[in-house]
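As they're listed, the protein sequences go chains W and H. Going left to right, the first sequence walks through residues 98 to 733 as the working numbering numbers them. Going left to right, the second sequence walks through residues 22 to 242 as the working numbering numbers them.
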Amino acid sequence: MYAEAAICGIILEKGPLSWRERILIDQKMWDAILSRVEKPARYIGGEWNQTPSEGDLAVCLAFPDVYEVGMSHLGLKILYQILSQKPGVAVERAFAPWLDMERELQAANLPLVSMESHRPLAEFQILGFTLQYELSYTNVLQMLSLGKVPLFTEERTEKHPLVIAGGPCAFNPEPLAPFLDAVVLGEGEDVICEIVDCYRKWQEDGFSRGELLMALAKIPGVYVPSLYNFTYRADGTIEAIQPTGGAPGTITKRVVEDLAGAPYPENWLVPYTEIVHDRVMLEIMRGCTRGCRFCQAGGIYRPLRERPQSELLDLAEKLVSSTGYDEISLASLSSSDYSKIAELTRALLAKYGEMGVGVSLPSLRTDKFAIELAQSIEKVRKTGLTFAPEAGSQRLRDVINKGVTEDDLLTTAHAAFSTGWRRLKLYFMIGLPTETDEDVQAIGELARKVLAIGREHAKRGKGGVELSLSVSTFVPKPQTPFQWEPQPLREEIRRRQKLLRDEMSKTRSIKLSLHEPEDSFLEAVLARGDRRLASAILAAWQAGCHFDSWSEQFSFRTWLEAFQKTGVDPAFYANRQRQETEILPWDHLKSGLKKSFLWQERLRAYRGELTADCRGGCRGCGVCPELGVANHLAGE
Amino acid sequence: MVERGKRIRFKFIKTGELKYISHLDLLRTMERATRRSRLPIRYTEGFHPRAKIQFASALPVGIASLGELMDIELTEELLAGQAMQEMGGQLPATLALKEARVVPPGEGPPMSLVRGASYQIRVEPQDDLAQRVDGWLAKETIPWTRQQKNKVRHLDLRGATSKLEVLGREQLELLLFFSSEATNVRPQEIIASLKLVPLEIVRTAIWGQGVLMEPLEKGIE
């Protein structure tokens with residue numbers, strides 16, 4: 098570990114100096130760099146509970162954003178734990194250095210290195226990126242480049258790392274296809290070990306890189322983009338997706354059948370500097386049964402699997418003891434849906450409340466039960482509550498299958514204000530399929546009703562109420578019933594935003610925040626792009642684009658220039674209505690959701706028909722039979 | 022000498038790369054260590070309970086220290102050595118606890134006792150280092166302005182310097198006065214006004230009233 102080396106002095110190995118040794122020797126240079134950068138603590142590593150893992154096969158888990166964001170990601174922690182326990186594997190982490198550190202590395206001609214041993218990315222055998230959001234794609238290129246790893250899969254040889262990727266964006270990784278050697282669909286717990294084993298066997302056999310890719314393509318859930326040929330029609334749509342060299346025609350995602358006993362990061366790293374989610378995260382369940390039609394996560398993480406309560410209590414005990422954190426977050430897509438949520442929170446509060454350890458629920462359904470739950474948690478500290486009705490009118494909420502009525506929201510607001518909350522935040526989307534001006538205005542009407550309830554309660558108590566609206570732009574995502582839908586044009590989104598702003602100008606006390614339509618447009622382009630987009634991503638990155646999800650870094654104009662330069666029409670991807678029969682760039686990548694089910698859901702959306710929660714009976718999405726799994730509830 | 026008490030004062034180090042964590046980071050780290058140790062720590066009342074931990078002085082980011090001080094408050098009386106053992110086991114080597122003593126009731130918080138701090142500074146070698154320092158010390162006042170976001174602070178570097186000694190071509194020993202009323206001068210500012218390039222700054226001790234404290238029992242005359 099670097100921090101130890103700094104105190105104990107440096108032990109040199111024999112042979113020519115590696116980058117690692119050079120950096121260690123040049124303590125002065127590294128020290129000088131750290132003393133110049135804005136937030137040096139994000140580069141020091143050596144977190145509490147960090148134990149060096151030893152092995153001849155070095156795997157680097159790379160998160161294409163800054164340390165504070167990457168260290169907040171549960172998936173990274175889970176895979177880190179699994180690999181650290183695998184014999185012969187040394188697992189390390191790398192994050193995107195912020196702009197000041199980038200400049201320092203480039204000025205000193207130093208490569209991007211891992212946190213643990215300061216090993217340059219190019220010296221790892223396997224480099225695994227997580228793709229959490231589309232606007233991080235250019236950061237993948239930036240990290241490869243800073244790490245001195247060739248950008249294209251075809252440029253890499255046996256000497257270079259195997260570059261793999263996973264995460265929700267892996268369900269359409271096509272825009273990054275030329276840069277990735279292999280892509281993992283679904284949950285990585287088991288398949289990451291299979292990939293490592295496959296790599297080791299290949300290394301021992303001394304075969305070529307092409308043979309490694311072929312062997313990887315035979316692992317279920319592993320997609321090797323270079324083994325697939327895309328052909329296109331004159332109108333730009335896909336004619337065919339053809340596997341070559343014996344690669345499978347379709348790739349189906351991997352899932353952990355049951356979360357009971359599934360590996361969990363017990364050696365939870367506690368950073369010295371503050372990170373985005375600076376707390377113990379307890380994953381209480383995975384998947385969601387609600388079936389909101391805009392939601393990608395709700396579909397791709399199916400089936401629903403709840404972790405047994407007894408196991409969660411055990412994990413909480415281990416994690417609180419080993420981290421010293423003062424907060425346990427009950428993480429999932431919809432935490433108040435966990436079967437035993439009331440019992441679980443009660444048990445945790447009873448055990449840890451005395452120690453000053455709180456419990457938090459990051460995702461609450463809009464119902465009275467959620468308020469009762471929140472009430473039991475925040476007896477004293479009533480910070481604020483967030484709910485997501487997503488759409489203003491009942492008609493549009495039915496279209497997206499949100500399953501929340503106006504009555505639900507108002508009852509919830511009433512319950513929240515009457516039990517002492519003073520701050521409420523509501524999430525909405527603009528640009529959903531079938532949206533009319535009335536739907537947009539309905540957001541304002543609904544918000545005013547909520548405010549009126551709040552004011553009534555505030556009159557009785559002391560102090561005012563705060564209501565804020567956060568309104569984003571709908572981005573159609575692959576593997577959802579809206580995967581065929583156009584995103585409205587930017588001018589149209591601006592018009593609707595203005596409509597809403599005018600509507601809200603009547604009630605200035607409600608804080609309104611609107612997202613820039615340009616960000617959402619680029620997200621829509623990348624989310625449903627095909628591999629012809631890769632040249633535009635490359636051009637945008639070459640022109641300086643990265644950290645696109647950081648608004649101060651985002652340059653829409655540079656992106657437009659990149660599209661123009663590479664002959665890519667972004668509107669073809671973002672704003673076009675696809676036909677039922679069209680071959681989509683991700684048709685060969687299976688989340689378990691049947692395309693016919695998604696299309697039926699799309700038709701039901703247009704008819705305003707609801708599809709009920711699948712806890713009450715199977716709705717035929719296809720996940721359970723396709724994957725040979727089932728929903729697992731904690732009570733069963 | 023009181024053996025058991027509800028308030029324990031620790032002397033600890035902040036070295037290696039942990040010199041790059043901020044004062045707030047340090048507070049969080051210590052708070053988590055107390056929770057891991059399961060010491061019967063006292064929490065503040067109110068909406069957001071915080072462990073009762075108080076530091077003698079905030080250390081600027083980038084400066085290491087061999088003698089920081091902090092007090093922790095407990096809900097029951099403990100032996101200082103026992104508290105040090107339990108808490109120390111939950112800290113990295115770069116934040117090791119070095120000494121502990123029970124603070125008698127009625128003694129003020131550690132920051133109220135601080136009168137100064139001493140530093141060892143390594144700079145890029147200079148042949149005329151001694152002359153430069155002599156000339157600097159001969160002045161009566163050395164005005165200095167510190168730009169802080171929207172605020173400008175006016176300081177007197179010379180007035181804040183109790184001792185500045187040259188050891189060879191690249192080593193300095195500095196003792197700065199601190200006061201609870203005025204803004205404290207930072208060692209980097211002394212180095213900058215001497216037009217020197219600092220390579221390493223280490224706080225060697227915090228001084229209280231009287232002479233050097235062990236921890237905080239003696240101080241500056």
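All residues carry an ideal CB built from backbone N, CA and C; glycine is no exception. What you are looking at is a predicted structure, and each value in this text was computed from that prediction instead of being measured.
In this model, Ala631/W and Phe653/W are separated by some 17 Å (Cα to Cα). Judged by beta-carbon spacing, Ser181/W lies beyond the 8 Å limit of Ser132/W, meaning their Cβ atoms are not closer than that value. If you look at Lys662/W, you'll find it in the alpha helix (DSSP H) that goes 653 to 662. By the 16-neighbour rule on beta-carbons within 10 angstroms, Ala204/W is exposed. Judged by pairs of C-beta atoms under 8 Å, the region 628 to 645 of chain W touches the region 259 to 273 of chain W, as three or more such pairs exist. For the 8 Å CB-CB criterion, Val367/W and Tyr320/W do not form a contact. Put simply, the CB of Tyr64/H is near chain W, with a gap under 8 Å to one of its CB atoms. Here Gly719/W is near Gly689/W, since their CB atoms are less than 8 Å apart.
In the structure shown, the three-state DSSP call for Val281/W is strand. At least one CB atom of chain W sits nearer than 8 Å to the CB of Glu38/H. Exclusion of the five residues before and after Ser490/W leaves Asp536, Ala539 as the residues of its chain whose Cβ lies within less than 6 Å of its Cβ. With a cutoff of 8 Å on beta-carbon distance, Arg122/H and Ala101/H are scored as near each other.
Any Cβ of chain H closer than 8 Å to the Cβ of Asp423/W would place that residue at the interface, and such an atom is present.
Cβ-Cβ distances below 7 Å link Arg143/H to Glu191, Gln192, Leu220, Glu221 in the same chain, with the five nearest sequence neighbours on each side left out; the list follows chain order. Inter-residue distance for Pro317/W and Glu408/W is about 29 Å (C-alpha atoms, whole angstroms). Bounds of the beta strand (DSSP E) holding Met378/W are 377 to 380. In terms of CA proximity to Gln147/H, Leu215/H leads the group Pro61/H, Phe76/H, Leu215/H, Trp228/H. DSSP places Ala72/H in the strand class (E or B) of the three-state scheme.
For the region 41 to 52 of chain H, residues whose beta-carbon sits nearer than 9 Å to a beta-carbon of chain W comprise Tyr41, Ile42, Ser43, Leu45, Asp46, Leu47, Arg49, Thr50, Glu52.
Using a CB distance cut-off of 8 Å, Ala54/H counts as an interface residue toward chain W. With contacts defined by Cβ atoms closer than 8 Å, Gly346/W and His685/W form a contacting pair. In this structure, the alpha-carbon of Gln222/W lies about 6 Å from that of Leu154/W. Identification of residues in the region 559 to 587 of chain W having a C-beta nearer than 8 Å to some C-beta of chain H yields an empty set. Taking 8 Å as the cut-off, the Cβ atoms of Ser569/W and Ser617/W count as close.
Bridge pairing for Asp92/H: Arg30/H, Gln75/H [DSSP]. For Glu145/H, the closest C-alpha among the options Leu695/W, Tyr234/W, Lys125/W, Asp375/W is that of Lys125/W. Under a 10 Å Cβ-count criterion, Val173/H is classified as exposed, with fewer than 16 other Cβ atoms of the shown protein chains found around its own Cβ.
Taking Leu657/W as the centre and dropping the five residues before and after it, the same chain places the C-beta of Pro667 closer than 8 Å to its C-beta, in chain order. Judged by DSSP secondary structure, Gly156/H falls within the alpha helix (DSSP H) whose first and last residues are 150 to 159.
With a threshold of 8 Å between beta carbons, Trp195/W makes no contact with chain H.
The alpha carbon of Glu542/W has as its nearest neighbour, out of Gly143/W, Leu597/W, Ser426/W, Ser214/W, the alpha carbon of Leu597/W. Per DSSP, reduced to three states, the secondary structure at Tyr670/W is helical. Per DSSP, reduced to three states, the secondary structure at Tyr140/H is strand.
Contact note: Ile141/W reaches chain H through Glu38, Leu39, Tyr41, Ile42, using a C-beta cutoff of 8 Å and chain order. The Cβ of Pro137/W sits closer than 8 Å to at least one Cβ of chain H. When 8 Å is used as the limit between beta carbons, Thr420/W is near these residues of chain H: Arg53, Arg57, in chain order.
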